[in-house]
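Asker: In the numbering used here, the protein residues as written are 10 to 153.
(1) Label residue 51 either buried or exposed according to how many other C-beta atoms from any shown protein chain fall within 10 Å of its C-beta, with 16 as the threshold for buried.
(2) How many whole angstroms separate the CB atoms of residue 120 and residue 100, which I take to be in contact at a CB cut-off of 8 angstroms?
(3) Give the DSSP-derived three-state secondary structure of residue 49 in the structure shown.
(4) Tell whether a beta-carbon distance below 9 angstroms holds between residue 127 and residue 88.
(5) Hey, would you say residue 191 sits closer than 9 angstroms to residue 11, going by beta carbons?
(6) Nearest chain D C-beta to residue 80 closer than 9 angstroms, yes or no?
(7) Whole angstroms are fine: how far does the CA of residue 45 sit from the CA of residue 14?
(8) Is it right to say residue 153 is buried, meaning 16 or more other beta carbons lie within 10 angstroms of its own, or is it exposed?
Dropping the structure here:
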């Protein structure tokens with residue numbers, strides 16, 4: 010039977026959960042996720058778990074944060090004077106906003122806290138600093 014190897018295009022169904030058991034993403038009800046193994050299209054910890062798997066095989070993979078979205082970076086937190094944010098923009102903690110970096114790149118941020126003087130924004134990936142668990146099933150293999 011064909012085993013997955015680097016360079017193969019695979020299709021997987023998956024459910025991603027946090028160590029608390031909370032599901033953060035799933036392919037359930039959608040087309041399988043398709044990508045080239047070893048190409049960097051998915052997080053490293055999941056990518057390296059695929060070689061050697063066979064068609065129809067299921068596996069649960071634990072991915073430490075350093076092989077997923079990395080550790081949370083304190084330098085990605087930024088305090089903005091409240092007056093620099095238009096009044097019509099909601100700043101309740103947990104609100105997702107977008108900022109424009111000096112380079113012109115749009116950066117998603119989450120409001121961490123807000124008071125009358127400042128708003129603290131977090132530009133870390135929402136899953137940074139978190140260990141992840143993936144239940145995966147190989148549903149297609151196109152050999153390289």
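The beta-carbon is built from N, C-alpha and C at its ideal position, and this holds for glycine as well.
In this text, all values refer to a predicted model and were calculated from it rather than measured experimentally.
Answerer: The short version:
(1) Looking at its Cβ environment, which holds 16 or more other Cβ atoms inside 10 Å, residue 51 is buried.
(2) Right, their Cβ atoms sit about 5 angstroms apart.
(3) If DSSP states are grouped into helix, strand and coil, residue 49 belongs with coil.
(4) Yes, they are a contact pair.
(5) Since the first residue of the chain shown is 10 and the last is 153, residue 191 is not available in this structure.
(6) Looking for chain D here will not work: only one protein chain is present.
(7) So the two alpha carbons sit approximately 10 angstroms from each other.
(8) Counting Cβ neighbours within 10 Å, residue 153 comes out exposed, since fewer than 16 surround it.
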